[in-house]
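A.B. asks: Residue numbering for the sequence shown follows this note's numbering, starting at 3 and increasing by one per position.
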Amino acid sequence: MNQNHLSVCKCTRFRPDVRLQLDYYTTTPRSAPAPAGSAETEHHIMEGGAVPKPSEKRVALVTGGNRGMGFEICRQLASSGLTVVLTARSETRGAEAARELRGLGLPDVVSHQLDVTEPTSAARLADFVRTKFGKLDVLMVGKDQNEIAEWLKQRTTQSAEQAEECVRINYHGTKTVTEALLPLVQSSSSSSGGRIVNVTSSFGLLRFFSGEELRQELSSVDTLTTQRLDELSALFLEDYRSGRLEPRGWPTDRVYAAYQASKALVSAYTRVLARDNPALRVNCVHPGYVQTEMNRNTGDLTAAEGARVSVAVALADQGGVTGAYFDRTQIASFV
3 MNQNHLSVCK CTRFRPDVRL QLDYYTTTPR SAPAPAGSAE TEHHIMEGGA
53 VPKPSEKRVA LVTGGNRGMG FEICRQLASS GLTVVLTARS ETRGAEAARE
103 LRGLGLPDVV SHQLDVTEPT SAARLADFVR TKFGKLDVLM VGKDQNEIAE
153 WLKQRTTQSA EQAEECVRIN YHGTKTVTEA LLPLVQSSSS SSGGRIVNVT
203 SSFGLLRFFS GEELRQELSS VDTLTTQRLD ELSALFLEDY RSGRLEPRGW
253 PTDRVYAAYQ ASKALVSAYT RVLARDNPAL RVNCVHPGYV QTEMNRNTGD
303 LTAAEGARVS VAVALADQGG VTGAYFDRTQ IASFV
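#1: CB-CB under 6 Å to Ala124, same chain, minus the five flanking residues each way: which ones, in chain order?
#2: Is the segment 244-259 touching the segment 203-221, taking contact as three or more C-beta pairs under 8 Å?
#3: Tell whether a beta-carbon distance below 7 Å holds between Ala97 and Leu79.
#4: How about Phe328 and Lys265: are their beta carbons less than 7 Å apart?
#5: What is the DSSP secondary structure of Tyr258, reduced to helix, strand or coil?
#6: Looking only at DSSP bridge pairs, what is Ile171 linked to?
#7: Going straight from the alpha carbon of Arg101 to that of Val169, what length do you get?
#8: How close, in whole Å, do the beta carbons of Val223 and Asn285 come, if the pair is a contact with beta carbons under 8 Å?
#9: Between which two residues does the beta strand (DSSP E) carrying Thr85 extend?
#10: Looking only at its own chain, which residues have a Cβ that is under 8 Å from the Cβ of Gln160, when we skip the five neighbours before and after it?
#11: How big is the Cα-Cα spacing for Thr228 and Thr272?
#12: Less than 8 Å between the CB atoms is what I'm expecting for Val292 and Ala305, so what's the real figure, rounded?
#13: Measure from the alpha carbon of Gly196 to the alpha carbon of each residue in Thr331, Thr324, Phe336 and Gly70, then state which is nearest.
#14: Can you look up Val131 in the DSSP assignment and give me helix, strand or coil?
#15: Going by other Cβ atoms of all chains shown within 10 Å of its Cβ, with 16 needed for buried, is Asp117 buried or exposed?
#16: Nearest to Phe130 by alpha carbon, out of Ser221, Gln115 and Asp139?
#17: Does the contact criterion of 3 or more C-beta pairs under 8 Å hold for the segment 67-76 versus the segment 84-95?
#18: Can you grab the Cα-Cα spacing for the pair Leu220 / Gly105, in whole Å?
Right, dumping it as structure tokens:
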């Protein structure tokens, strides 16, 4: 089995048997948290099996952490001994969520406002983390997107403006936040290096692209650049507006096309980031179909179960794997 088939970066120390063992991770329900500092929270998820001293604690930042799976990711990271920066577009809702987590016996949770579409907002967040912690060990961008896909099901088409917003949030938002915080992740004190996890979706797989040329370009991690990805995002929107999705080889479903293209761009960006930062572990994960308010709780996984998968990718010993796509707990193809 070769690396190109699995679309794992050349910088990956690839192990085809990598599958995350979720039984090592805390799964205390939101309604019944383990006491802070208890043996249950001091779990094997920490490197070396030990919870670090406060000055040595790893720091994690989670976007969209005020509800649903994002909230659960924050809870599980904090329960595993990390200091957590919970971000939300609404400063009030973010503060309320952080206060709720502290009330569950998880004191090392702070909140900060973040609008992923605003570079100035991302810059303020980076300044906050730099001043308060001086580093960032784990960056988790993007809560589960299946709820958006489910919402899209209820529509017959998307306007050009809605498609543009989808790409702006999913792709450009991910890139904006990552670029603002990347120097802090590079300053991680973790022995295994800083980690970046982009929560993505199986809707972004390249099988949804009809054009071989586009599939090849998005698969060619050796030659891709962030500048080219920006150009492709602009080209998609131009083709969307002019009705040229099919001739160019983009996904053609007018409901899902923007979502699929934007998530494929996120996956490609993940691999470029991994290639350009070999000291880091940069991966993306599809946690499965998670129950949300938007999909009327019809998903296969609870928010806690979906978060458990994402946290495992962020914290597990993966043998140095980077630039990979995890379908739940196992490395899979981007195609």
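Ideal Cβ placement from N, Cα and C applies to all residues, glycine included.
Given the structure is predicted, the values throughout are model-derived calculations rather than measurements.
C.D. replies: According to the data block:
#1: In its chain, beyond the 5 residues on either side, Thr178, Val179 and Ala182 have a beta carbon closer than 6 Å to the beta carbon of Ala124.
#2: Yes, the segment 244-259 is in contact with the segment 203-221.
#3: In this structure, Leu79 does not lie closer than 7 Å to Ala97 by Cβ.
#4: It is not a contact, given that the beta carbons lie outside the stated cut-off.
#5: In the structure shown, Tyr258 falls within a coil segment according to DSSP collapsed to helix, strand and coil.
#6: Note: Ile171 is not bridge-paired with any residue in the DSSP secondary-structure output.
#7: So the alpha carbons of these two residues sit roughly 32 Å apart.
#8: Contact between Val223 and Asn285 is absent: CB atoms are separated by about 13 Å, not below the 8 Å threshold.
#9: Run containing Thr85: Thr85 to Ala90, per the beta strand (DSSP E) assignment.
#10: The beta carbon of Gln160 sits closer than 8 Å to those of Leu154, Cys168, Arg256, Val257, Ala259 and Ala260, all from its chain and outside the five residues before and after it, given in chain order.
#11: Distance between the alpha carbons of Thr228 and Thr272 is about 10 Å.
#12: Contact flag correct, Cβ pair sits at about 6 Å.
#13: Nearest C-alpha to Gly196: Thr324.
#14: Reduced to three states, the DSSP call for Val131 is helix.
#15: Taking a 10 Å sphere around the C-beta of Asp117, we find 16 or more other C-beta atoms and assign the residue as buried.
#16: For the residues Ser221, Gln115 and Asp139, the minimum Cα distance to Phe130 belongs to Gln115.
#17: By the Cβ rule, the segment 67-76 counts as touching the segment 84-95, because three or more pairs are nearer than 8 Å.
#18: In this model, Leu220 and Gly105 are separated by some 45 Å (Cα to Cα).
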